[in-house]
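Which chain is which? The protein sequence lines are A and B, in order.
Each residue of the first sequence is one higher than the last, beginning at 48 in the working numbering.
Each residue of the second sequence is one higher than the last, beginning at 4 in the working numbering.
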Amino acid sequence: MSNYKYIGKSAVRVDGKAKITGAAQFVDDLDFGPDLLYAAVVESPHAYAIIQKINTKKAKELPGVVKVVTGKEFPYRFGLYMHDRYIFAQDRVRFVGEQVAAVIANDPATALKAARLVEVKYKKLKPLLNVGDALQQQGVDRVHPDLANYFHVPWFYPKKDSNIAHFRKIRRGDVGEGFGDADLVYEDNYVVPRYAHCAIENHAAVGKLDHDGRLTLWTASQSPHTQRHLFAEALAPLGFTHQNVRVITPFVGGGFGGKAGVTMEIVAAALATTVPGRPVKLLWSREQEFYNTYQRQGVEASIKVGVKNDGTITTLEQTLLWDAGAYVEYGANVVNAAGLSATGPYRIPNVKIDSVCVYTNLPPGGPYRGFGYSEFIFGLESHFNQIAKQLGMDQVEFRRKNAIRAGDQLAYGAPMHANGLLEAIDRVKQEIAWDTPKEIPSDSSKVRGRGFSLFWKAPAMPPNASSTAFLKFNEDASINIMVSGMEIGQGYLTVMAQIAAEVLGVPPEKIRVESPDTDRNPYEWQTVASHITWSCGNAVKRAAEDARDQIVDLIENVLEMPRDDIYLENCQVRSKIEPDFALDFTEFIINGLMLPDGSWRGGPIVGRGMFMPEFTSALSDPETGQGGKPNVHYTVGASAIEIEIDRDTGKITIPKVVLAIDCGQALNPDLVKGQITGGMLQGLATVLYEDMRFDDQGRLLNPNFTDYKIPTSLDTPDQIVPIIVEVPQGDGPFGARGMGEHTMIPAAPLIANALYDALGVRVKSMPITAEKIVAELIN
Amino acid sequence: MTITHQFDYIKAKSVAHACKLLSKKGDHRLLSGGTDLIGHIKENLATPDSLIDLKGIDALKHLSVTPSTIKIGALCTFSDLLNSKEMAKYFPAVQEMAQTVASVAVRNRATVVGNICSAVPSLDSAPLLLTYDAVVCVVSSKGVRKVPINQWFISSRQSAIRKGELVCAIEIKMPAQKHGATFVKLGRYRGEDLAQASVAVVALPRDRYRIAFGAVAPTPFRADQLEKLLNGKQLTDNLVGQAVTLIPSLVSPITDIRATKEYRTHMCQVMFERAVETAVARLR
Chain A
48 MSNYKYIGKS AVRVDGKAKI TGAAQFVDDL DFGPDLLYAA VVESPHAYAI
98 IQKINTKKAK ELPGVVKVVT GKEFPYRFGL YMHDRYIFAQ DRVRFVGEQV
148 AAVIANDPAT ALKAARLVEV KYKKLKPLLN VGDALQQQGV DRVHPDLANY
198 FHVPWFYPKK DSNIAHFRKI RRGDVGEGFG DADLVYEDNY VVPRYAHCAI
248 ENHAAVGKLD HDGRLTLWTA SQSPHTQRHL FAEALAPLGF THQNVRVITP
298 FVGGGFGGKA GVTMEIVAAA LATTVPGRPV KLLWSREQEF YNTYQRQGVE
348 ASIKVGVKND GTITTLEQTL LWDAGAYVEY GANVVNAAGL SATGPYRIPN
398 VKIDSVCVYT NLPPGGPYRG FGYSEFIFGL ESHFNQIAKQ LGMDQVEFRR
448 KNAIRAGDQL AYGAPMHANG LLEAIDRVKQ EIAWDTPKEI PSDSSKVRGR
498 GFSLFWKAPA MPPNASSTAF LKFNEDASIN IMVSGMEIGQ GYLTVMAQIA
548 AEVLGVPPEK IRVESPDTDR NPYEWQTVAS HITWSCGNAV KRAAEDARDQ
598 IVDLIENVLE MPRDDIYLEN CQVRSKIEPD FALDFTEFII NGLMLPDGSW
648 RGGPIVGRGM FMPEFTSALS DPETGQGGKP NVHYTVGASA IEIEIDRDTG
698 KITIPKVVLA IDCGQALNPD LVKGQITGGM LQGLATVLYE DMRFDDQGRL
748 LNPNFTDYKI PTSLDTPDQI VPIIVEVPQG DGPFGARGMG EHTMIPAAPL
798 IANALYDALG VRVKSMPITA EKIVAELIN
Chain B
4 MTITHQFDYI KAKSVAHACK LLSKKGDHRL LSGGTDLIGH IKENLATPDS
54 LIDLKGIDAL KHLSVTPSTI KIGALCTFSD LLNSKEMAKY FPAVQEMAQT
104 VASVAVRNRA TVVGNICSAV PSLDSAPLLL TYDAVVCVVS SKGVRKVPIN
154 QWFISSRQSA IRKGELVCAI EIKMPAQKHG ATFVKLGRYR GEDLAQASVA
204 VVALPRDRYR IAFGAVAPTP FRADQLEKLL NGKQLTDNLV GQAVTLIPSL
254 VSPITDIRAT KEYRTHMCQV MFERAVETAV ARLR
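In structure tokens:
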């Protein structure tokens, strides 16, 4: 064990008191005074239609209305990886709920009323509501006729005259030969529907254009700097640049990917420019949260696997057809990430993967915790279970045999790094008592089953995504750290404080880390991809080391102590060779040290740190996906579950679930355990309860918690056992790597596999509701 | 969500005052818990001219108990049912039902009378009220009338209430003899949910049964045919099996986003079988 003082300890959350006392402020809590205006959007009732005419007269005449804005004023496209999304719909609407116009009024009720008075004349088109229809449609009524003209990042490959926004190919080895070598070839199809994030805080944005031309946005966001960049890009035709766009992000009430990038915030930014001097608030309703932010994309997976009789996997052929929705500016990268990694954490020599991003007339797909991995793992881990069964092999042994190890080639050709997958498998297997018989329930209608699944995930990000940090000392030796990552419940602020604490010998409770303002805090790409602890943690560590070096320089120069003898502890400079020496930081940290002649050296200690990976590359052969190094690292793990099913009702209860994850180094074990618990619950919800339904016109039928069920405290497993595995990440802060998203990834195949174990029923589409189980049993 | 509809708000001083307000021209809605009504106004599903708030009328607040009757006043909430010692003593199944209504916060506001006035097919209180032959006390400026609960539910979302009337209480006769009862509700998970099917069974001495279903027909209903089949006979597996077989012809559930008619029907059978077993066990 390492002898860290603050790392690896469960420090108390630095934001805990603010949140428990209610002192923490979220966007909707901020007071903007009596000048505040309120906006409401006019939404498309159609999934696909041409806008023929917009009449705003009646809306404008309603007393209290300040402005009515349509797409005419903002004919601009924007997006993160591809510029395909509109501030307001232009000639056509592409999903039910898309914003066509907006009203700004003195109060929220007037804004809403006026929005209903805006008359829009549509010519309906046939909506493309599933991947099959969308792939067939090649005519002028494909979702984006102008796709060929859109800007996109160089690693996307849109197909001309089609609804394919991106086609990620992976070709490795020889698939034909691989199937030839196999003793068993097994094929099947799996379906994963769409899901909603359901963060408890709704999206909110307040925009204000000062009379001096500075545009400020207060947003509930995972991505303040990326938002600033996208606002500046989209509004550049109006003369805005980064200098006069500012984003302030207070506390955020949950993200799960849904508050990454830019969605509704662009509307607030645009509207603010039309009413200079007055702030405008746009607050999404729960319904809008469901249909006009991002949704997790649905996928249809076709899997064909070749194995030898001894269980060695020779080949994987997998096609993933993604229902990416009306706009894919972010979602196409989910498709890309899944394509790169759809082998799962397995050593497979011959691989063919097609991951296809398909436009449909459903709400925009986008980032969601797991970023495509939960979606393909459902099929893959269900599939491997069936293969082990057919081979007559223990499924855990099958997984262990093929589990990826350090040095094995990844699907895109680079080698896998050191990892603790085997340890995770073994510890999970032991904890769930895999080799001992299951308990037989006393109630004869009930039966138990066990499921097992591996999982992995890499951050999906541009090769040069970076993090920066400023660190400043105060007179009392307390510290302010300025970063631009977001606290979205995961404990980021606390962990950044722990990292600086470890380097500088200042306890975390003396360190403030707060939410960003892009004018004051340095650059951060986004709080996504489970990369923030790793990436921003490196930046904070470097900032702390920069400050430490300044302290050491000062002591060395002024007190003439050898720098190698100096160490920092409890806000003091100490000496390894002079145990009695102790200089309080408060003696010099702002004012420096005085020389015998009365002059001063040193001054306020301010550190800076930056981290950008320098070994990644998104350049690869588009036909094979080989040649690049798109992913910085993979976090791996294993999970197992025991379920009890009531055969008559189909209801499942969960006596126990176990998840082991190799997070490199748990900087704060309590927070790691919190992620395991929360992620597992979210994953179990997607497989057991959440069930997004659209009607045949593309309208979402359950944009509410009455009919879109996320678990309550009554629906938690009896026991969740978190297991921390620590094989250090060489380039991570104190060896840490990301683990936030991963914890939900294995949940769906766990349930599917446990159900199979209990009843011999293989359900190949999510969710696996009680009703579906009963239907399977009756049939 | 913002309320855009404009309406008058009047706090009624007495039942008579409320009745007078109700008798005026226009769309007037009675406000007690408001857990349905306010949501409907937010969504513009209800656009009343006025809301008549009953919450200040003390006479409607009581859960009153006499040797012969327990009377649930119009302002009694589901939490009041759960907190009532008399309910615990005489009608524990009513508490079992109340425990399944939404969440604690909703139970603290939602009233039982409001529940039956909504007359939605899935309302939780109906099946037990039906099995206990409850009586709905209705008042208007013309006087008082009493409606047996089995005549209360006319069709989906329509009760026997007439314009100008308000429900002041629900009366349940104290059980004349020892009985065993239960309420079973189907939800999609253990958290708060609207019933996709529900069943109440009351078992009385000498092989007498009262059975009612909710959420599987346009209105909650007493299953007379099942009662007829079971009454007076000793309960055997075979007899219960016959009853279970009969159920699909008695219920007429719909398929909607919450459940298919097939699953609802299946679950009526499963829940009935289990409920009978529980009720009989509680009778012993």
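Note that beta-carbon positions come from the ideal geometry of N, C-alpha and C, so glycine has one too.
This structure is a prediction, so every number in the text was calculated from the model and none was measured.
* Since B/Ala-278 contacts B/Val-187 with CB under 8 Å, what's their CB separation in whole angstroms? -> Taking the first residue of the second sequence as 1, we reach residue 278 of chain B at position 275. Taking the first residue of the second sequence as 1, we reach residue 187 of chain B at position 184. The distance from the Cβ of B/Ala-278 to that of B/Val-187 is about 5 Å, consistent with a contact at the 8 Å cut-off.
* How many angstroms separate the CA atom of A/Tyr-53 from the CA atom of A/Trp-647? -> In the first sequence, residue 53 of chain A corresponds to position 6, counting from 1. In the first sequence, residue 647 of chain A corresponds to position 600, counting from 1. Going by the C-alpha atoms only, they are around 33 Å apart.
* Between the CA atoms of A/Glu-616 and A/Gly-654 - distance to the nearest angstrom -> Numbered from its first residue, the first sequence carries residue 654 of chain A at position 607. Numbered from its first residue, the first sequence carries residue 616 of chain A at position 569. One C-alpha to the other measures close to 18 Å.
* Please classify A/Tyr-50: does DSSP put it in a helix, a strand, or coil? => For the purposes of this step, residue 50 of chain A is taken as the residue at position 3 of the first sequence. It should be noted that the sequence gives Asn, not Tyr, for residue 50 of chain A. Three-state result, A/Asn-50: coil.
* Assign B/Asp-196 to one of three DSSP states: helix, strand, or coil. => By one-based count along the second sequence, residue 196 of chain B stands at place 193. The answer is coil: DSSP assigns B/Asp-196 none of H, G, I, E or B.
* Can the beta-carbon of A/Ile-295 be found less than 8 Å from the beta-carbon of A/Thr-321? -> Your numbering for residue 295 of chain A matches position 248 in the first sequence. Your numbering for residue 321 of chain A matches position 274 in the first sequence. By the CB criterion at 8 Å, A/Ile-295 and A/Thr-321 fall outside the cutoff.
* Which of the three DSSP states, helix, strand or coil, is assigned to B/Tyr-266? -> Taking the first residue of the second sequence as 1, we reach residue 266 of chain B at position 263. Residue state for B/Tyr-266 is assigned as helix, using DSSP reduced to three classes.
* Who are the near neighbours of A/Ala-855 in its chain, counting only those whose CB is closer than 6 Å to its CB and skipping five residues on each side? -> The first residue shown for chain A is 48 and the last is 826, placing residue 855 of chain A beyond what the model contains.
* If you pair each beta-carbon of the region 293-311 of chain A with each one of the region 259-279 of chain A, do three or more pairs fall below 8 Å? -> Two segments are said to touch when three or more pairs of C-beta atoms, one from each, lie closer than 8 Å; by this definition the region 293-311 of chain A touches the region 259-279 of chain A.
* Asked: Hey, how far is the Cα of A/Gly-538 from the Cα of A/Ala-591?
  -> Here the question's residue 538 of chain A lines up with position 491 in the first sequence. Here the question's residue 591 of chain A lines up with position 544 in the first sequence. Going by C-alpha positions, A/Gly-538 is about 19 Å away from A/Ala-591.
* Between the C-alpha atoms of B/His-65 and B/Ala-129, what's the straight-line distance to the nearest angstrom? -> As a first step, residue 65 of chain B must be located in the second sequence, where it is residue number 62. As a first step, residue 129 of chain B must be located in the second sequence, where it is residue number 126. Cα to Cα, the separation comes out at about 20 Å.
* Could you tell me the boundaries of the beta strand (DSSP E) in which A/Asp-709 lies? => Mapped onto the first sequence, residue 709 of chain A falls at position 662. A/Asp-709: member of the beta strand (DSSP E) spanning 699-709, first to last residue.
* Asked: Which residue comes first and which comes last in the alpha helix (DSSP H) that contains A/Pro-796?
  -> As a position in the first sequence, residue 796 of chain A is number 749, starting the count at 1. Where A/Pro-796 is concerned, the enclosing alpha helix (DSSP H) stretches over 794-806.
* Asked: So what does DSSP say about A/Glu-248, is it helix, strand or coil?
  -> As a first step, residue 248 of chain A must be located in the first sequence, where it is residue number 201. A/Glu-248: coil per DSSP, three-state reduction.
* Asked: Buried or exposed: where does A/Leu-747 fall if 16 or more other Cβ atoms within 10 Å of its Cβ makes it buried?
  -> The residue given as residue 747 of chain A occupies position 700 in the first sequence. The residue in question, A/Leu-747, is buried, as its Cβ has 16 or more Cβ neighbours within 10 Å.
* Closest by C-alpha distance to A/Ile-723, when choosing among A/Thr-700, A/Ile-767, A/Val-620, A/Ser-491 -> Here residue 723 of chain A refers to the residue found at position 676 when the first sequence is read from its first residue. The shortest C-alpha to C-alpha distance from A/Ile-723 to any of A/Thr-700, A/Ile-767, A/Val-620, A/Ser-491 is the one to A/Ile-767.
* Please go through the same chain and pick out, in chain order, the residues whose beta-carbon is closer than 6 Å to the beta-carbon of A/Tyr-377, but skip the five residues on each side of it. => The count along the first sequence starts at 1 and reaches residue 377 of chain A at position 330. For A/Tyr-377, where only same-chain residues beyond five positions count, the Cβ hits under 6 Å are Leu-127, Gly-308, Gly-413, Pro-414.
* Would you mind sorting A/Phe-662 into buried or exposed? The rule is 16 or more other CB atoms within 10 Å of its CB. => For the purposes of this step, residue 662 of chain A is taken as the residue at position 615 of the first sequence. A/Phe-662 should be labelled exposed.
* Evaluate B/Ala-246 with the Cβ neighbour count: other Cβ atoms within 10 Å of its Cβ, from every protein chain shown; 16 or more gives buried, anything less gives exposed. => The count along the second sequence starts at 1 and reaches residue 246 of chain B at position 243. Here B/Ala-246 is buried, its C-beta having at least 16 other C-beta atoms within 10 Å.
* Bridge partner(s) assigned by DSSP for A/Thr-117 -> In the first sequence, counting from the first residue as 1, residue 117 of chain A sits at position 70. The bridge partners DSSP lists for A/Thr-117 are A/Ala-148.
* Asked: Within 8 Å (strictly less), CB to CB, does B/Tyr-192 reach chain A?
  -> Within the second sequence, numbered from 1, the residue matching residue 192 of chain B stands at position 189. So yes, B/Tyr-192 belongs to the interface.
* **Spatial neighbours of A/Val-808 in its chain, beta-carbon cut-off 8 Å, leaving aside the 5 residues before and after** => Residue numbering aside, residue 808 of chain A sits at position 761 when the first sequence is read from its first letter. The answer, listed in chain order, is Leu-802, Ile-820, Glu-823, Leu-824.
* **Cβ pair A/Trp-481, A/Ala-687 closer than 8 Å** => Looking up residue 481 of chain A in the first sequence gives position 434. Looking up residue 687 of chain A in the first sequence gives position 640. Against a cut-off of 8 Å, the Cβ pair of A/Ala-687 and A/Trp-481 comes out as a contact.
* To do: Return the chain-ordered ranges of every alpha helix (DSSP H) run that is complete within the region 672-746 of chain A and spans a minimum of 4 residues.
  => For the region 672-746 of chain A, whole alpha helix (DSSP H) runs of length 4 or above, ordered along the chain, are 716-735.
* Asked: Taking just the CA atoms, how far does A/Ile-211 sit from A/Pro-122?
  -> Taking the first sequence and counting its residues from 1, the one referred to as residue 122 of chain A is at position 75. Taking the first sequence and counting its residues from 1, the one referred to as residue 211 of chain A is at position 164. The straight-line gap from Cα to Cα measures roughly 24 Å.
* Name the residues in the region 243-272 of chain B whose C-beta lies less than 8 Å from a C-beta of chain A; which are they? -> Listed by position, the residues of the region 243-272 of chain B near chain A (Cβ gap below 8 Å) are Ile-260, Arg-261, Ala-262, Thr-263, Glu-265, Tyr-266, His-269, Met-270.
* Asked: Hey, which unbroken runs of the alpha helix (DSSP H) at 4 residues or more fall wholly within the region 357-425 of chain A?
  -> The DSSP assignment places 378-388 as complete runs of the alpha helix (DSSP H) inside the region 357-425 of chain A, in order along the chain (cut-off: 4 residues).
* Mind listing the chain A neighbours of B/Thr-5? Cutoff is C-beta to C-beta under 7 Å, in chain order. => Indexing the second sequence from 1 puts residue 5 of chain B at position 2. Residues of chain A passing the Cβ test: Pro-155, Ala-156, Leu-159.
* Could you tell me how far apart the beta carbons of B/His-8 and B/Thr-38 are, in whole angstroms, since I believe they sit closer than 8 Å? => Working through the second sequence from its first residue, we reach residue 8 of chain B at position 5. Working through the second sequence from its first residue, we reach residue 38 of chain B at position 35. That pair is no contact at about 18 Å.
* Length of the line joining the Cα atoms of B/Arg-225 and A/Val-354 -> Indexing the second sequence from 1 puts residue 225 of chain B at position 222. Indexing the first sequence from 1 puts residue 354 of chain A at position 307. About 59 Å.
* Where A/Glu-534 falls: helix, strand or coil (DSSP) -> In the first sequence, residue 534 of chain A corresponds to position 487, counting from 1. Coil.
* Beta-carbon separation of A/Met-508 and A/Trp-572 under 8 Å? -> As a working note, residue 508 of chain A is residue 461 in the first sequence. As a working note, residue 572 of chain A is residue 525 in the first sequence. Yes; because the gap between Cβ atoms is below 8 Å, this pair is in contact.
* Are three or more beta carbon pairs between the region 397-410 of chain A and the region 161-180 of chain A nearer than 8 Å? -> Because the criterion of three Cβ pairs below 8 Å is met, the region 397-410 of chain A and the region 161-180 of chain A touch.
* **Residue from B/Val-142, B/Ala-137, B/Ala-105 with nearest C-alpha to B/Trp-155** => Mapped onto the second sequence, residue 155 of chain B falls at position 152. Minimum Cα distance to B/Trp-155 is reached at B/Ala-137.
* Asked: In chain order, what residues of the same chain lie with their CB nearer than 7 Å to the CB of A/Asn-511, ignoring the 5 residues before and after it?
  -> Locating residue 511 of chain A in the first sequence gives position 464, where the first residue counts as 1. Within the same chain, Met-659 come within 7 Å of A/Asn-511 by CB-CB distance, once the 5 residues on both sides are set aside.
* **Contact list for the region 689-722 of chain A against chain B, Cβ threshold 7 Å** => The residues in question are Asp-695, Thr-696.
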